[in-house]
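Beneath this line is the structure, given in structure tokens, with notes to follow.
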Amino acid sequence: MSILWRSVVGKLWMTIILLVTVVLVILTFLLVQFFDHFYFEQQNEELKHLAAKIADIFESYEHDSEARYISKELVEVTQTTLVVIGPNHHEFWKVSADTGLPIIDVETLFSDSDLQQVFFGRTIDKRDHFPVYVNTNVVELDVLIVAAPIMINGSPQGAVFLYQTLDVINDTIEATKRIILYAAGIGFFLTTIFAFFLSTRITYPLRQMKVAADNMSKGDFHSRVSIRSHDEIGDLALTFNHMAKQLNDSIQALSHEKELLSSILRSMVDGVITLDRKGEIILINPPAEKMLKTWRYEEDMDGESHQLPRLLLDIFDQVVQTEREHVRTVSAQGRFWTIVMAPLYNREKLRGVVAVVRDMTEERRLDKLRKDFVANVSHELRTPLAMLQGYSEALVDDVVDSAEERKELARIIHEESLRMGRLVNELLDLARIQAGHIELDLEPMPLGPIVHKTLRKFTNLAKDEQITLREDVQESAELYQVDADRIEQILTNLIDNAIRHTPAHGTVSVQLKEDAHGAHISVKDTGQGIPEEDLPFVFERFYKADKARTRGKSGTGLGLAIVKDLVEAHHGHIDVHSRVGEGTTFTIHLPRPSKEEH
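Residue numbers (full-length UniProt numbering): 1 to 598.
Rendered as structure tokens:
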């Protein structure tokens with residue numbers, strides 16, 4: 001019932017049924033009351049008329065026998081019981097039609113105060129219960145009784161009592177009630193069918209609109225309502241269809257705008273972050289996600305955390321408090337960013353903040369390279385050239401006396417010429433790699449044996465330098481398309497750098513892991529680390545973080561640049577993480593070969 005009442009059809013149907021039910025109940029009650037009163041009054045008037053006629057007969061006829069005969073005929077015709085009281089109240093005559101109705105005792109009639117008024121010349125009618133004897137048992141009999149005086153010479157000389165049982169009237173009323181109830185039941189049944197049909201037809205467009213609205217709430221804006229009439233409901237259905245079309249057009253336009261905005265954000269080099277008033281991220285593009293990971297690593301936060309780094313929160317708080325744009329340059333892990341953060345308004349109320357983050361590392365790198373290139377080249381060439389010039393002049397001027405000294409000077413000149421030769425060769429190699437002229441001899445092979453072979457070359461060197469060399473290689477039968485010589489060259493450069501920059505009793509660890517994305521080779525040392533400001537430039541040519549280190553342990557500054565280019569030639573990439581005083585980790589990522597490459 002509750003489900004039926006919650007629907008429009010049920011409400012309309014139940015309202016019509018309840019209204020008709022109330023009307024039928026009231027009408028039935030009034031009709032029953034009317035017929036009850038009507039039949040009673042009709043029967044009462046007939047008895048009064050009969051009682052007056054019989055009293056007139058007894059008044060008119062001198063012989064009682066004639067009067068009794070005529071009265072008996074009238075009583076039998078009207079199915080009535082007659083009691084006649086004489087002048088002395090004791091003489092009486094009783095006659096009853098063949099109805100089986102018991103005769104009421106005269107004393108009972110005399111004991112009723114209302115009926116006694118008949119002896120004062122008044123006609124009395126009364127409905128009441130009178131006791132009668134039926135088989136020696138006293139029974140209360142519901143009768144209609146009429147008493148009419150017998151007037152002789154203007155004074156009452158007796159009375160005529162006529163009475164009938166009300167069963168006849170009651171039976172008639174009950175039959176009338178049944179007819180009325182049958183008619184009411186038929187009317188209720190027909191009304192129920194009609195109300196259900198009417199309510200269903202009227203509410204059909206409304207139910208269609210509900211289904212269409214449900215579909216629209218689920219994102220389907222193509223639902224339409226069929227129009228079956230031209231009344232107000234038909235106009236409502238027409239308006240609903242027009243609204244659905246407008247909503248569909250608006251949603252499609254918004255979707256296109258959203259896709260366009262999303263494409264623009266994804267293709268942007270700058271990072272874009274939209275925040276609400278609480279600092280929760282609403283929208284972020286891939287460059288911004290990458291920047292956030294770097295900042296979280298810098299602040300020792302979980303990489304998967306959804307909280308903003310402190311440096312962004314500080315700027316966010318200032319923008320929210322002042323409701324003005326703020327610009328700040330920040331650095332982390334050796335990279336530099338310019339952050340422009342401005343408030344967003346919903347009409348006049350601040351609803352959030354938008355931040356645009358631009359990576360300025362490349363600009364700074366180029367600026368640094370521009371400043372340092374001449375100094376680096378001069379630094380790398382000036383010293384060996386000066387030594388070559390100085391020692392050669394000593395030999396030319398015959399300053400050296402002994403053969404041993406001449407031999408030592410010649411050895412130094414030879415070593416410096418070899419150093420310059422290595423520098424030139426590495427420059428040529430780097431130029432060929434960057435120009436794309438290098439050819440790799442790619443073959444499918446596992447990486448584990450290459451790592452083992454490279455580490456064995458540094459066993460004695462590590463022992464001489466009192467450095468522990470650790471190996472953690474995940475053995476796998478996976479084959480990678482690599483140039484074994486070039487991979488060995490990459491590892492040689494990285495392990496050599498790690499040993500040269502790790503103090504005695506330190507540790508150099510080489511790890512090989514594989515996952516669903518490919519192979520990951522890490523070279524980690526416990527050395528002095530790389531300063532944060534130099535970290536972005538470690539793969540640049542002539543880079544040397546320690547400008548004061550001895551010539552004996554320094555390289556040309558081209559090794560890591562060659563490593564980076566060789567890794568990228570294998571379609572991989574290399575990254576570096578470092579903290580001063582804790583050490584440095586270089587990680588090579590090589591992609592897993594496709595099935596066609598196998």
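Glycine included, C-beta positions come from ideal geometry on N, C-alpha and C.
Query, Result
"Residues sharing a beta bridge with residue 284, DSSP", "273"
"Residue from 586, 47, 407, 317 with nearest C-alpha to residue 165", "47"
"Residue 154, DSSP secondary structure in three states", "coil"
"Environment of residue 50 [buried if 16+ CB atoms lie within 10 Å]", "buried"
"Reduced DSSP category for residue 50 - H, G, I as helix; E, B as strand; rest coil", "helix"
"Sequence-distant residues of its chain with Cβ nearer than 7 Å to residue 241 (five each side left out)", "224, 225"
"Buried/exposed call for residue 525, threshold 16 Cβ in 10 Å", "buried"
"Residue 560 - containing alpha helix (DSSP H), residue span", "559-569"
"Exposed unless 16 or more other CB atoms sit within 10 angstroms - verdict on residue 449", "exposed"
"For residue 500, the nearest candidate out of 461, 516, 485, 522 (CA to CA)", "461"
"Residue 150 and residue 55 closer than 7 Å at C-beta", "yes"
"Supposed close pair residue 301, residue 337 - CB separation, criterion 8 Å", "No, residue 301 and residue 337 are not in contact; Cβ-Cβ is about 17 Å, not under 8 Å."
"Residue range of the unbroken beta strand (DSSP E) whose run includes residue 332", "326-332"
"Meets three-Cβ-pair contact criterion under 8 Å: the region 476-495 and the region 441-456", "yes"
"Local Cβ density within 10 Å of residue 483, reported as buried at 16 or more and exposed below that", "buried"
"Helix, strand or coil at residue 513 [DSSP, three-state]", "strand"
"Proximity winner among 321, 24, 566, relative to residue 186 (alpha-carbon distances)", "24"
"Cutoff 7 Å; reference residue 550; Cβ partners in own chain excluding five residues on either side", "Only weak support exists for where residue 550 lies, its pLDDT of 38 falling under 50; the value from the coordinates is given anyway. Excluding residues within five positions, none has a Cβ falling inside 7 Å."
"Beta-carbon spacing of residue 147, residue 173 below 7 Å", "no"
"Integer Cβ distance of residue 279 from residue 316, believed to fall under 8 Å", "6 Å"
"For residue 268, three-class secondary structure by DSSP", "coil"
"Touch test, the region 399-416 against the region 382-391, Cβ-Cβ under 8 Å, three pairs minimum", "yes"
"Simplified DSSP state of residue 466, which is helix, strand or coil", "coil"
"C-alpha gap between residue 144 and residue 130, whole angstroms", "10 Å"
"7 Å Cβ shell around residue 583 - same chain, five flanking residues per side excluded", "524, 525, 526, 527, 529"
"Own chain residues within Cβ distance below 6 Å of residue 513, not counting five before or after", "474, 520"
"Minimum C-alpha distance to residue 277 - residue among 268, 345, 216, 310", "345"
"Other residues of its chain near residue 275: CB distance less than 8 Å, five sequence neighbours each side excluded", "281, 282, 308, 316, 352, 353, 354, 355"
"Residue burial classification, residue 209 (beta-carbon count within 10 angstroms, cutoff 16)", "buried"
"Minimum C-alpha distance to residue 201 - residue among 262, 13, 215", "13"
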